[in-house]
Amino acid sequence: MNATQEQLKVKLEQALVAAFGTDYTGVDPILVAASNPKFGDYQANVALSLSKRLGQQPRAIAQSIVDKLDVSDICETPEIAGPGFINLKLKTAYLEAQLNAIQADSRLGVPSSKTPKREIVDFSSPNIAKEMHVGHLRSTIIGDCIARILEFQGHDVLRLNHVGDWGTQFGMLITYLREVYPEALTTANALDIGDLVSFYRKAKQRFDEDEAFQETARQEVVRLQAGGEDTLHAWKLLCEQSRQEFQIIYDLLNIKLEERGESFYNPLLPSVAEDLENVGLLVENQGAKCVFLDGFTNREGEPLPLIVQKSDGGYNYATTDLAALRYRIEKDRAKRIIYVTDSGQANHFEQFFQVARKAGWIPEDVEIIHVPFGLVLGEDGKKFRTRSGDTVRLRDLLDEAVIRFRALLEAKIQEEEGREETEEFKAEVSQVVGISAVKYADLSQNRTSNYIFSYDKMLSDKGNTAPYMLYVYARIHGISRKGEINFQDFKDNAKVILEHELELTLAKHILQLSEIISDVEQDLLPNRLCEYLFQLSQKFNQFYDKEHGLPVLKAEEPQRTSRLMLCDLTARTLKLGLNLLGIQVLERI
Ligand code: ARG
Numbered sequence: 006m007n008a009t010q011e012q013l014k015v016k017l018e019q020a021l022v023a024a025f026g027t028d029y030t031g032v033d034p035i036l037v038a039a040s041n042p043k044f045g046d047y048q049a050n051v052a053l054s055l056s057k058r059l060g061q062q063p064r065a066i067a068q069s070i071v072d073k074l075d076v077s078d079i080c081e082t083p084e085i086a087g088p089g090f091i092n093l094k095l096k097t098a099y100l101e102a103q104l105n106a107i108q109a110d111s112r113l114g115v116p117s118s119k120t121p122k123r124e125i126v127d128f129s130s131p132n133i134a135k136e137m138h139v140g141h142l143r144s145t146i147i148g149d150c151i152a153r154i155l156e157f158q159g160h161d162v163l164r165l166n167h168v169g170d171w172g173t174q175f176g177m178l179i180t181y182l183r184e185v186y187p188e189a190l191t192t193a194n195a196l197d198i199g200d201l202v203s204f205y206r207k208a209k210q211r212f213d214e215d216e217a218f219q220e221t222a223r224q225e226v227v228r229l230q231a232g233g234e235d236t237l238h239a240w241k242l243l244c245e246q247s248r249q250e251f252q253i254i255y256d257l258l259n260i261k262l263e264e265r266g267e268s269f270y271n272p273l274l275p276s277v278a279e280d281l282e283n284v285g286l287l288v289e290n291q292g293a294k295c296v297f298l299d300g301f302t303n304r305e306g307e308p309l310p311l312i313v314q315k316s317d318g319g320y321n322y323a324t325t326d327l328a329a330l331r332y333r334i335e336k337d338r339a340k341r342i343i344y345v346t347d348s349g350q351a352n353h354f355e356q357f358f359q360v361a362r363k364a365g366w367i368p369e370d371v372e373i374i375h376v377p378f379g380l381v382l383g384e385d386g387k388k389f390r391t392r393s394g395d396t397v398r399l400r401d402l403l404d405e406a407v408i409r410f411r412a413l414l415e416a417k418i419q420e421e422e423g424r425e426e427t428e429e430f431k432a433e434v435s436q437v438v439g440i441s442a443v444k445y446a447d448l449s450q451n452r453t454s455n456y457i458f459s460y461d462k463m464l465s466d467k468g469n470t471a472p473y474m475l476y477v478y479a480r481i482h483g484i485s486r487k488g489e490i491n492f493q494d495f496k497d498n499a500k501v502i503l504e505h506e507l508e509l510t511l512a513k514h515i516l517q518l519s520e521i522i523s524d525v526e527q528d529l530l531p532n533r534l535c536e537y538l539f540q541l542s543q544k545f546n547q548f549y550d551k552e553h554g555l556p557v558l559k560a561e562e563p564q565r566t567s568r569l570m571l572c573d574l575t576a577r578t579l580k581l582g583l584n585l586l587g588i589q590v591l592e593r594i
């Protein structure tokens with residue numbers, strides 16, 4: 006709800022009490038955005054819902070409310086429509102004043118949160134010695150966007166990378182490397198991630214086939230947990246190797262996050278088991294220590310336990326998450342913890358959340374949320390792979406987007422007569438637009454659904470894509486270049502005047518930004534912000550359309566200044582919105 010809507014709501018509440026008495030204090034006036042601009046901007050539907058209680062016709066109720074309603078500073082005279090809707094149309098003068106106010110505001114009228122709090126976003130979180138895959142790419146892009154929005158709202162955000170850097174995989178890998186390539190365990194940078202991944206694959210194969218190997222690998226895990234020097238050194242080298250590779254991706258995507266891997270919580274695991282034991286939740290089952298869960302059964306329909314400690318004494322992924330959760334609540338003092346992973350892990354989160362709740366570890370003022378997302382599919386609708394059927398390396402995937410955009414850009418430059426650009430320009434623009442296209446294609450989908458990865462679609466300058474929006478932004482800067490206008494020069498004497506329908510439509514859309522941002526802060530669906538920005542771009546294009554739009558640079562004063570201000574506000578809204586998505590804008594493409 007935006008500030009205007011809130012004011013109208015309060016005034017409607019007051020009118021309800023004035024009309025029907027204090028019994029009607031706190032009755033929700035059911036104020037919603039009008040479904041059709043024909044009916045104005047907002048609509049209050051409360052009269053229909055009060056008909057029974059008051060024993061009156063809804064239209065009569067609506068009339069009584071309107072008689073007591075004073076919204077003359079904001080709206081035209083309210084109208085009663087249909088069975089008893091109260092239609093409200095914003096006054097042009099009011100809209101103009103709002104726009105003039107946000108013109109001077111670097112936050113474009115978006116208020117910061119009234120209740121800033123410490124929030125954790127657990128995202129990206131790839132696994133050491135394994136390649137980062139498209140699932141991690143989604144988590145990285147979505148998690149970063151959520152963190153940016155929360156930061157912008159004034160929350161104290163901890164961006165945590167829960168890297169999978171501990172566990173049995175290291176036993177196998179180290180055992181195998183001792184055999185075939187011991188230098189890798191003692192010398193920095195002896196391996197690259199490609200080697201590491203293929204060694205890991207072979208190690209896993211040996212582990213599954215060879216019992217003696219299995220035994221040595223287990224001992225190696227024990228040595229790692231006990232802090233055996235050479236094993237620990239080898240582990241550190243392997244982590245360092247992967248980390249460098251992850252960093253390349255983070256740099257390409259411009260992502261900042263703090264690594265706090267699974268190993269960090271290792272010393273806290275025994276106390277998780279102990280404390281569960283103390284509250285009577287731990288059950289011994291075939292040598293393993295488990296907690297039985299409500300609402301989860303295995304294939305045979307038997308109750309399903311969450312294994313906290315395996316029969317060999319080792320701990321699980323969920324145990325680490327329980328330890329991390331406690332640490333984040335007690336030490337980090339987080340009030341909201343957001344986990345961004347694929348929906349395949351939904352059960353895992355539900356289960357360990359349930360255990361933590363049962364154990365009484367989640368205070369009432371702490372919210373824990375799993376933010377799930379769907380799969381990335383290839384154009385054939387199947388799992389996303391390279392032509393030869395391998396998993397796609399993220400670096401290659403991002404590079405490809407940049408290369409392909411570069412080809413489109415070069416073709417465009419060629420088409421425009423006399424246009425020449427430097428290598429530097431082409432490289433920088435392709436880099437920004439290529440990466441933005443990948444991010445935007447991901448964020449613009451409702452995250453819970455699967456989506457098909459298509460370079461052609463995401464790089465197109467038509468439709469709901471990053472290039473489309475970035476071109477609109479650059480186009481606005483083109484206007485200021487052509488008119489030699491410095492938008493920053495607009496000061497108090499410059500005023501927005503809204504006369505034309507196209508101006509009103511654009512202005513109203515600009516004013517909705519704060520509402521959208523607070524929605525995304527709540528429901529954590531970045532696609533709503535994308536949709537908003539896409540519509541803004543479309544409305545701008547209609548306003549500025551050569552044939553059906555309005556003149557800007559060629560308009561007379563005071564319309565010229567006013568329209569230039571609308572251009573500037575559109576550009577600033579786009580820039581702010583795209584930045585919240587993790588997308589950089591360009592003044593010229
Ligand atoms: N490393 C995990 C994976 O690759 C994701 C970790 C998500 N975060 C968490 N706290 N479990 O699937």
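Its first residue numbered 6, the sequence shown is counted upward by one per residue in the working numbering.
Glycine included, C-beta positions come from ideal geometry on N, C-alpha and C.
Bear in mind the structure is a predicted one, so any value in this text is a computation, not a measurement.
- Judged by DSSP secondary structure, H375 falls within the beta strand (DSSP E) whose first and last residues are E372 to F378.
- Between L516 and G114, the alpha-carbon positions lie close to 8 Å from each other.
- C-alpha of P556 to C-alpha of K544: approximately 15 Å in a straight line.
- V477 sits close to S542, with the two beta carbons spaced by under 7 Å.
- By the neighbour-count criterion, in which 16 or more other beta carbons inside 10 Å mark a residue as buried, H553 falls on the exposed side.
- In its chain, beyond the 5 residues on either side, A195 have a beta carbon closer than 8 Å to the beta carbon of E188.
- Unbroken beta strand (DSSP E) stretches of 3 residues or longer found wholly inside the segment 242-306: 288-290 and 293-302, given in chain order.
- Contact holds between the segment 254-271 and the segment 139-147, because three or more Cβ pairs, one in each stretch, are under 8 Å apart.
- Runs of the alpha helix (DSSP H) lying entirely within the segment 40-101 and spanning at least 4 residues, in chain order: 51-59 and 63-73.
- By the criterion of a C-beta distance shorter than 6 Å, G26 is surrounded by no residue of its chain, once the five residues flanking it on both sides are discounted.
- The nearest non-hydrogen atom of the ligand ARG is less than 6 Å from the C-beta of S130.
- In this structure, R452 sits near I147, with a CB-CB distance shorter than 7 Å.
- Using a C-beta cut-off of 8 Å, the segment 420-435 makes no contact with the segment 454-472, since fewer than three inter-stretch Cβ pairs fall below that distance.
- Residue state for P308 is assigned as strand, using DSSP reduced to three classes.
- The Cβ atoms of K16 and V76 lie closer than 7 Å to each other.
- C-alpha of Y344 to C-alpha of A152: approximately 11 Å in a straight line.
- Not a single heavy atom of the ligand ARG lies less than 6 Å from the C-beta of G266.
- In this structure, the straight-line span from the alpha carbon of Q62 to that of I107 is close to 42 Å.
- Beyond the five residues adjoining it in sequence on each side, G386 comes within less than 8 Å, by CB distance, of I457 in the same chain, given in chain order.
- Bounds of any beta strand (DSSP E) do not take in E562, whose DSSP letter is neither H nor E.
- In this structure, H167 has its beta carbon less than 6 Å from a heavy atom of the ligand ARG.
- With a beta-carbon spacing of about 5 Å, T325 and E267 fall inside the 8 Å limit used to define contacts.
- R123: member of the beta strand (DSSP E) spanning R123 to D127, first to last residue.
- Of the candidates L475, L574, S567 and L511, the residue whose Cα lies closest to the Cα of L583 is L475.
- Here A20 is near K73, since their CB atoms are less than 7 Å apart.
- Bounds of the alpha helix (DSSP H) holding R331 are Y322 to E335.
- Distances between the C-beta of D127 and the heavy atoms of the ligand ARG include at least one below 6 Å.
- Between the ligand ARG and the CB of D326, the shortest heavy atom gap is smaller than 6 Å.
- Residue pairing from DSSP places R341 in a beta bridge opposite E124 and E372.
- Nearest Cα to K14 within the set K43, S40 and Q48: Q48.
- Residue burial annotation: T191 is exposed, with fewer than 16 other C-beta atoms found within 10 angstroms of its C-beta.
- In the DSSP annotation of this structure, V501 is not part of any beta strand (DSSP E), being labelled neither H nor E.
- For L163, the uninterrupted beta strand (DSSP E) run begins and ends at D161 to N166, by DSSP.
- For I133, same chain residues with a beta-carbon under 7 Å away, outside a window of 5 residues either side, are V168, G169, D170, L243, C244 and S247 in chain order.
- At a threshold of 6 Å, T120 does not count as near the ligand ARG, since its beta carbon sits no closer than that to any of the ligand's heavy atoms.
- In this structure, the CA atom of E508 is about 10 Å from the CA atom of S567.
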